[in-house]
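**Student:**
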Amino acid sequence: MANTTDLTTRDYSRQSHLIVNSKYAMTSNEINLVLVLLTAIDKKDEDFKDYIFTKKELEKKTGKKWDSQQLQKTVDGLFEKPIRIREGENKWKRFNWFSYFEYDNGTITCRFDKALKPYLLELKERFVISDIKHLLPMKSTYSKRIYLLLKEYSKIGHRSFNVEKLREILQTPKSLNLYSNFRTKVLKRAETDINKFTDLEVKLSEKKRGRKIVEITYTIKKNTTDLKSFIQVIRELYTNKVLFHTKDNKPIMCSTKGLLYYGDEENITINKKESQKLWEYLHENRENLLVFKISLEEGKKHFYLSSMRYFKEYIKENFANQEIIKLKKRSTDSVLIIS
Numbered sequence: 127m128a129n130t131t132d133l134t135t136r137d138y139s140r141q142s143h144l145i146v147n148s149k150y151a152m153t154s155n156e157i158n159l160v161l162v163l164l165t166a167i168d169k170k171d172e173d174f175k176d177y178i179f180t181k182k183e184l185e186k187k188t189g190k191k192w193d194s195q196q197l198q199k200t201v202d203g204l205f206e207k208p209i210r211i212r213e214g215e216n217k218w219k220r221f222n223w224f225s226y227f228e229y230d231n232g233t234i235t236c237r238f239d240k241a242l243k244p245y246l247l248e249l250k251e252r253f254v255i256s257d258i259k260h261l262l263p264m265k266s267t268y269s270k271r272i273y274l275l276l277k278e279y280s281k282i283g284h285r286s287f288n289v290e291k292l293r294e295i296l297q298t299p300k301s302l303n304l305y306s307n308f309r310t311k312v313l314k315r316a317e318t319d320i321n322k323f324t325d326l327e328v329k330l331s332e333k334k335r336g337r338k339i340v341e342i343t344y345t346i347k348k349n350t351t352d353l354k355s356f357i358q359v360i361r362e363l364y365t366n367k368v369l370f371h372t373k374d375n376k377p378i379m380c381s382t383k384g385l386l387y388y389g390d391e392e393n394i395t396i397n398k399k400e401s402q403k404l405w406e407y408l409h410e411n412r413e414n415l416l417v418f419k420i421s422l423e424e425g426k427k428h429f430y431l432s433s434m435r436y437f438k439e440y441i442k443e444n445f446a447n448q449e450i451i452k453l454k455k456r457s458t459d460s461v462l463i464i465s
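The numbering of the sequence shown is the working numbering, which starts it at 127 and goes up by one.
#1: Going by DSSP in three states, residue 238 sits in which element: helix, strand or coil?
#2: Do you know whose CA, among 358, 334, 416, 313, lies nearest residue 377's CA?
#3: Give the DSSP-derived three-state secondary structure of residue 321 in the structure shown.
#4: If you scan the segment 288–348 from start to end, which runs of the beta strand (DSSP E) of 3 or more residues do you find wholly inside it?
#5: Could you pull the DSSP bridge partners for residue 149 from this structure?
#6: Where does the unbroken beta strand (DSSP E) through residue 185 begin, and where does it stop?
#7: So, residue 150 versus residue 166, is the Cβ gap smaller than 8 Å?
#8: In the structure shown, what three-state DSSP assignment does residue 157 receive?
#9: For residue 308, count neighbouring C-beta atoms within 10 Å of its own C-beta (all shown protein chains included) and say buried if the count is 16 or more, exposed if not.
#10: Near residue 327, which residues of its chain fall below 6 Å by C-beta distance, leaving aside the five closest residues on each side in sequence?
#11: Anyone know if the C-beta pair for residue 331 and residue 318 falls short of 8 Å?
#12: Determine whether the beta carbon atoms of residue 153 and residue 232 lie at a separation below 8 Å.
#13: Leaving out five residues before and five after residue 382 in sequence, what residues of the same chain have Cβ atoms less than 6 Å from its Cβ?
#14: Considering residue 400, what are the terminal residues of the alpha helix (DSSP H) in which it resides?
#15: If I measure Cβ to Cβ from residue 273 and keep anything under 8 Å in the same chain, skipping five residues before and after, which residues do I get?
#16: Roughly how many angstroms separate the alpha carbons of residue 253 and residue 271, rounded to a whole number?
#17: Does DSSP put residue 354 in a helix, in a strand, or in coil?
#18: Tell me whether residue 139 sits in a helix, a strand or coil according to DSSP, three-state version.
#19: Name the DSSP bridge partner or partners of residue 371?
#20: Beta-carbon within less than 6 Å of residue 170's beta-carbon, same chain only, minus the 5 sequence neighbours each way: which residues are those?
#21: According to DSSP, is residue 270 part of a helix, a strand, or is it coil?
Following this line, the structure appears as structure tokens:
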């Protein structure tokens, strides 16, 4: 059985809205393991397969060390905590994330439960795309889950929750029954984490019935910090290089002045309104940019880029946290340093 390379080459995953809105509780290690393994699924996959990878690959992907006992405890916890999905008033389902998980001298083999196929494979509508570069830096499990719940509504611009129903979805413990604790440790923490680490910018508001908070709403906007950093990196490193091809095969490039243009028409830049849309499109589809793919290949041969995190082995900081980008040269190496 051949090893999959998916674990180290993809950061995105897709989940049905039914999974995102289902009831489950997880520890930080448990949810991080699931989120990372979800990236192993290709959107074209028609069935689950055995995902085989090493502990070192898992550590590289999650950015943390795993000892075998910790991994066993995490996997045991996942098997003891089923997902509960409700598909209507009188229909519900209960199943585990994995049907099989094996650890053998540093090599891990696992398979998602076949009951999850309708919720993770060949999704055509009502699914949520997420990026682990945004999710993993958040320490709170609740922040990760609320991010996914809000990501589903990002195009609508807001999402409201009945407080008690949100508690059920998140499966919060009794220690958070007091609303002030729930607000501080879950709702406000999520607001802070999402704004700091992700592509969304959210703001919490509350609705009272009498003296009791019964409903909360998050307004949702795009977080432009990540986009601005992405544009800066392109302008620093990839001028006059093909970034992407349009549907009619026009190459999109960035001039030395930092302006987007088509193909060889450097003197004819794209207008401001269209350029903004293109920058957003390039950012959203950054994993497919030709220059990034080329840099990955070249990096294996004669240079390395450290930081951008769009390149797994080179990228160590989330764009949302980057403040200063400096490009330095050292012999034949190109080193991108973020401080």
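We treat Cβ as the ideally placed atom computed from N, Cα and C, and that holds for glycine.
**Tutor:** Taking the coordinates as given:
#1: In the structure shown, residue 238 sits in a strand (DSSP, three-state: E or B).
#2: Closest option to residue 377, Cα to Cα, is 416.
#3: Three-state result, residue 321: helix.
#4: Under the rule that a run must span 3 or more residues, the beta strand (DSSP E) segments found entirely inside the segment 288–348 read 326–335, 338–348.
#5: 210.
#6: Boundaries for residue 185: no beta strand (DSSP E) harbours it, while the alpha helix (DSSP H) harbouring it runs 181–188, taken from the DSSP string.
#7: No; because the gap between Cβ atoms is not below 8 Å, this pair is not in contact.
#8: Looking at residue 157 - three-state DSSP - the assignment turns out to be helix.
#9: In the assembly as shown, residue 308 is a buried residue. Its beta-carbon has 16 or more other beta-carbons within 10 Å.
#10: In its chain, beyond the 5 residues on either side, 321, 347, 349 have a beta carbon closer than 6 Å to the beta carbon of residue 327.
#11: Between residue 331 and residue 318, the gap from beta carbon to beta carbon reaches 8 Å or more.
#12: With a cutoff of 8 Å on beta-carbon distance, residue 153 and residue 232 are scored as not near each other.
#13: Within the same chain, residue 382 has close Cβ partners 365.
#14: Its alpha helix (DSSP H) spans residues 398–410.
#15: 256, 260, 261, 264, 316, 319, 320, 324, 326.
#16: One C-alpha to the other measures close to 15 Å.
#17: If DSSP states are grouped into helix, strand and coil, residue 354 belongs with the helices.
#18: Residue 139 falls in the strand class under three-state DSSP.
#19: Residue 371 is bridged by DSSP to 377.
#20: For residue 170, there are no CB contacts under 6 Å within the same chain when 5 residues up- and downstream are skipped.
#21: DSSP places residue 270 within a helical segment (H, G or I) once states are collapsed to three.
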